[in-house]
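Trainee: Got a structure for you, written out below as structure tokens; questions coming shortly.
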Amino acid sequence: MSIMSYNGSAIIAMAGKDCVGIAADRRLGIQLKTVSTDFTKTFQMQPKLFVGLAGLATDVQTLHNLLEFRMSLFKLREERDMPPEVVNNLLSTLLYEKRFGPYFVEPIVAGLDEDNKPFLSCMDLIGSSVKANDFVVSGTCTGNMFGMCEALYRPDLNPDELFEALAQSLLSSVDRDAMSGWGGVVHIITKDGVMTKELKGRMD
Amino acid sequence: MSDTVLGIQYDGGVLIACDQSNARSILLYQTNIDKIKELTSHTMMGVSGPNCDLVNFTEYIEKNLNLYELENDGTKLSTKAQANFCRNTLATALRKGPYQVDVLLGGYDTVKKQAELYFMDHLAALQKVSYNAQGYAAYFCLSIMDRDYIKGLGYDDALEIMNKCIKALHKRFLLSQPNFIIKIVDKDGVRVVSVGADPADT
């Protein structure tokens with residue numbers, strides 16, 4: 000029993016043409032028992048920025064609160080939104096501060112920068128981050144998700160095509176993982192706003 | 000794991016049931032303990048875990064919620080705020096000196112005029128739910144609740160589901176938990192519905 004798979008999670012983020020999408024499953028489990036089917040793992044921190052947190056549920060919630068606090072402080076002091084790259088660095092620092100007693104989360108940052116260009120990054124539980132142009136994945140079935148994304152991803156997808164690619168990648172990946180699934184949610188971020196859709200999937 | 004806590008949120012209130020056994024290893028200390036603590040006038044928390052953590056955690060939360068009311072001119076915290084306060088207390092203690100308590104927090108929000116039930120495990124993962132159970136009892140009772148619970152059900156139906164769960168535990172759960180205490184919270188506050196053995200009887 001790994002502590003990273005104690006609660007179960009699956010998060011994918013993908014870039015399209017002037018848009019990004021982030022999708023996550025909805026399960027909150029305690030090992031083999033499912034507790035809830037509407038647990039939130041993706042958080043809209045700013046109008047054009049989402050953070051997805053996969054891993055231990057308590058640390059997902061703690062880190063969300065921490066991030067909310069730090070980003071609010073930034074907004075008050077600097078009177079501007081925090082750019083995605085800065086959020087990425089902040090998260091990285093927050094995680095490495097606990098290097099020898101870490102938060103058991105592997106975050107994903109997905110958003111549009113000031114020029115409305117897509118930004119994607121993911122990191123491990125001690126804050127080592129990597130940026131990507133195409134897609135990033137995190138959770139208990141990363142193997143499945145990497146395979147599905149590689150197969151379904153094409154560059155320069157429009158928002159509807161991006162939604163389809165994200166939804167199908169997520170659903171097929173979690174269907175083969177016992178610890179994740181039980182529904183899904185997809186957020187597509189464009190310069191005009193955020194479109195959120197709930198996915199109907201296998202409830203097992 | 001061995002303590003049973005059951006919770007159901009119905010239209011207008013929340014029911015929480017707990018077993019009344021206080022035991023450690025092979026020894027049964029008492030069978031009339033009350034594990035559902037009243038936090039404020041309109042919230043209660045059913046707790047499972049070692050008695051020391053149960054008492055310390057609930058008293059700490061109860062006193063701090065009371066302090067907030069005294070400091071802030073009688074302003075009451077919403078159920079959601081109280082649940083998040085519990086979560087933060089548990090999460091902060093997690094990496095210092097953890098409380099090994101799993102709780103179901105039920106409350107009636109007098110402003111929003113709705114009942115809310117929150118599930119929180121000992122690692123401080125918090126989730127709002129319509130019904131749930133803590134401990135081994137979950138393995139017996141969650142499927143009964145999944146089957147019978149419908150959105151917008153009333154007090155009588157909720158109590159019926161509760162009693163069904165308790166009956167199932169009495170029949171099939173290895174550990175003998177003869178006495179259950181059931182409490183309700185609705186617009187009129189927290190009160191006892193039924194008691195297996197009177198907690199005051201020492």
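As given, the protein sequences belong to chains Z and B, one line each in that order. For the first sequence, position 189 matches number 188 in numbering that gives the first Met the number 0, and the numbering has no gaps at all. For the second sequence, position 28 matches number 27 in numbering that gives the first Met the number 0, and the numbering has no gaps at all. Glycine included, each C-beta is placed from N, C-alpha and C at the ideal position. These numbers come from a predicted model, not from an experiment.
Who pairs with B/R190 in a beta bridge, going by DSSP?
Mentor: To locate residue 190 of chain B, count along the second sequence from 1; it is residue 191. Per DSSP, B/I183.
Trainee: Which first and last residues belong to the beta strand (DSSP E) in which Z/D133 is found?
Mentor: Taking the first sequence and counting its residues from 1, one reaches residue 133 of chain Z at position 134. Segment: none, Z/D133 is in no beta strand (DSSP E) and carries neither H nor E.
Trainee: Of the choices Z/L119, Z/V184, Z/D80, Z/T139, whose alpha-carbon is the least far from that of Z/E113?
Mentor: As a first step, residue 113 of chain Z must be located in the first sequence, where it is residue number 114. For the residues Z/L119, Z/V184, Z/D80, Z/T139, the minimum Cα distance to Z/E113 belongs to Z/D80.
Trainee: Suppose contacts are defined by Cβ-Cβ distances below 7 Å. Is B/M161 in contact with B/L14 by that definition?
Mentor: For the purposes of this step, residue 161 of chain B is taken as the residue at position 162 of the second sequence. For the purposes of this step, residue 14 of chain B is taken as the residue at position 15 of the second sequence. Yes, Cβ-Cβ distance for B/M161 and B/L14 is below 7 Å.
Trainee: So, under 8 Å CB-CB, Z/R153 and Z/G180 are touching, yes? Tell me the CB distance rounded to an integer number of Å.
Mentor: On the first sequence, residue 153 of chain Z is found 154 positions in, with the first residue counted as 1. On the first sequence, residue 180 of chain Z is found 181 positions in, with the first residue counted as 1. Between Z/G180 and Z/R153 the Cβ distance is about 25 Å, and since that is not below 8 Å, they are no contact.
Trainee: Pull up the distance between the alpha-carbon of B/H169 and that of Z/V185, whole angstroms please.
Mentor: The sequence position of residue 169 of chain B within the second sequence is 170, counting from 1. The sequence position of residue 185 of chain Z within the first sequence is 186, counting from 1. Cα-Cα distance, rounded: 43 Å.
Trainee: Return the chain-ordered ranges of every beta strand (DSSP E) run that is complete within the segment 7 to 52 of chain Z and spans a minimum of 3 residues.
Mentor: List check, beta strand (DSSP E) in window: 9 to 14, 18 to 24, 27 to 29, 32 to 35, 41 to 45.
Trainee: Just tell me which of Z/M194, Z/S8, Z/M70, Z/T92 has its CA closest to the CA of Z/G126.
Mentor: Numbered from 1 along the first sequence, position 127 holds the residue referred to as residue 126 of chain Z. The option with the nearest alpha carbon to Z/G126 is Z/T92.
Trainee: Let me know the secondary structure DSSP gives Z/N87 once reduced to three states.
Mentor: Taking the first sequence and counting its residues from 1, one reaches residue 87 of chain Z at position 88. Helix at Z/N87.
Trainee: Starting from B/S47, follow its DSSP beta bridges and name the residues at the other end.
Mentor: Numbered from 1 along the second sequence, position 48 holds the residue referred to as residue 47 of chain B. The partner list for B/S47 (beta bridge, DSSP) reads B/D101.
Trainee: Just the chain B side, please: which residues come within less than 7 Å of Z/V34 by C-beta, in chain order?
Mentor: In the first sequence, residue 34 of chain Z corresponds to position 35, counting from 1. Result: F118, Q126, N131.
Trainee: So, are the CB atoms of Z/I2 and Z/G51 less than 7 Å apart?
Mentor: Numbered from its first residue, the first sequence carries residue 2 of chain Z at position 3. Numbered from its first residue, the first sequence carries residue 51 of chain Z at position 52. No, they are not a contact pair.
Trainee: Give the C-beta separation of Z/L90 and Z/M70 to the nearest angstrom, bearing in mind that I take them to be a contact with Cβ-Cβ under 8 Å.
Mentor: The residue labelled residue 90 of chain Z in the question sits at position 91 within the first sequence. The residue labelled residue 70 of chain Z in the question sits at position 71 within the first sequence. The Cβ separation is near 10 Å, so there is no contact.
Trainee: For the beta strand (DSSP E) that Z/P106 lies in, which residues bound it at each end?
Mentor: Working through the first sequence from its first residue, we reach residue 106 of chain Z at position 107. Element bounds for Z/P106: 104 to 111.
Trainee: If the cut-off is 9 Å on Cβ atoms, which residues from the segment 18 to 44 of chain B count as contacting chain Z, listed in chain order?
Mentor: Cβ contacts with chain Z come from no residue of the segment 18 to 44 of chain B.
Trainee: Less than 8 Å between the CB atoms is what I'm expecting for Z/C220 and Z/V104, so what's the real figure, rounded?
Mentor: The requested residue 220 of chain Z does not occur in the structure, where chain Z is confined to residues 0 to 203.
Trainee: Determine whether the Cβ of B/A90 lies closer than 7 Å to any Cβ atom of chain Z.
Mentor: Indexing the second sequence from 1 puts residue 90 of chain B at position 91. Chain Z, which has a Cβ nearer than 7 Å to the Cβ of B/A90, makes this yes.
Trainee: Does any C-beta atom of chain Z lie closer than 7 Å to the C-beta of B/L103?
Mentor: Position 104 of the second sequence, counted from the first residue, corresponds to residue 103 of chain B. So, not an interface residue.
Trainee: Looking only at its chain, what residues have a beta carbon closer than 7 Å to the beta carbon of Z/Y95, apart from the 5 residues adjacent to it on each side?
Mentor: In the first sequence, the residue the question calls residue 95 of chain Z occupies position 96. So the qualifying residues of the chain are I125, G126.
Trainee: Whose Cβ in chain B lies nearer than 8 Å to the Cβ of Z/T61?
Mentor: Taking the first sequence and counting its residues from 1, one reaches residue 61 of chain Z at position 62. Simply A90, A123.
Trainee: Using the rule of at least 16 other Cβ atoms within 10 Å of the residue's Cβ for burial, across every protein chain shown, is Z/G7 buried or exposed?
Mentor: For the purposes of this step, residue 7 of chain Z is taken as residue 8 along the first sequence, with counting starting at 1. Z/G7 is buried by the Cβ-count criterion.
Trainee: Once the 5 residues before and after Z/D37 are set aside, which same chain residues still bring their CB inside 6 Å of it?
Mentor: Residue mapping note: residue 37 of chain Z aligns to position 38 of the first sequence, counting from 1. Here the set comprises R25.
Trainee: Have a look at the DSSP bridge pairing and note the partners of Z/E96.
Mentor: Locating residue 96 of chain Z in the first sequence gives position 97, where the first residue counts as 1. The partner list for Z/E96 (beta bridge, DSSP) is empty, contrary to what the question assumes.
Trainee: Determine, using beta carbons only, whether B/G134 and B/T42 come nearer to each other than 7 Å.
Mentor: Numbered from 1 along the second sequence, position 135 holds the residue referred to as residue 134 of chain B. Numbered from 1 along the second sequence, position 43 holds the residue referred to as residue 42 of chain B. No, they are not a contact pair.
Trainee: I want to verify the contact list: residues of chain B whose CB lies under 8 Å from the CB of Z/G141, in sequence order.
Mentor: As a working mapping, residue 141 of chain Z is identified with position 142 in the first sequence. Checking the sequence, you will find Thr at residue 141 of chain Z rather than Gly. Under the 8 Å cutoff, chain B gives no residues; its nearest Cβ is about 21 Å from Z/T141.
Trainee: Which residue wins for smallest C-alpha separation from Z/F99, given the options B/N131, B/Y130, B/R94?
Mentor: By one-based count along the first sequence, residue 99 of chain Z stands at place 100. The candidate whose alpha carbon is nearest that of Z/F99 is B/R94.
Trainee: Given 8 Å as the limit, is there contact between the segment 56 to 72 of chain B and the segment 11 to 30 of chain B, that is, 3 or more CB pairs closer than that?
Mentor: No contact exists between the segment 56 to 72 of chain B and the segment 11 to 30 of chain B.
Trainee: Roughly how many angstroms lie between the CA atoms of B/K166 and Z/L165, to the nearest whole one?
Mentor: For the purposes of this step, residue 166 of chain B is taken as residue 167 along the second sequence, with counting starting at 1. For the purposes of this step, residue 165 of chain Z is taken as residue 166 along the first sequence, with counting starting at 1. Near 45 Å, if we compare the C-alpha coordinates of Z/L165 and B/K166.
Trainee: Taking the continuous alpha helix (DSSP H) assigned at B/I7, which residues delimit it?
Mentor: Numbered from 1 along the second sequence, position 8 holds the residue referred to as residue 7 of chain B. Careful: B/I7 lies outside any alpha helix (DSSP H), inside the beta strand (DSSP E) at 4 to 9.
Trainee: Among Z/L27, Z/L75, Z/A14, whose alpha-carbon lies nearest the alpha-carbon of Z/V59?
Mentor: Stepping through the first sequence from its first residue, residue 59 of chain Z is reached at position 60. The shortest C-alpha separation from Z/V59 is found at Z/L27.
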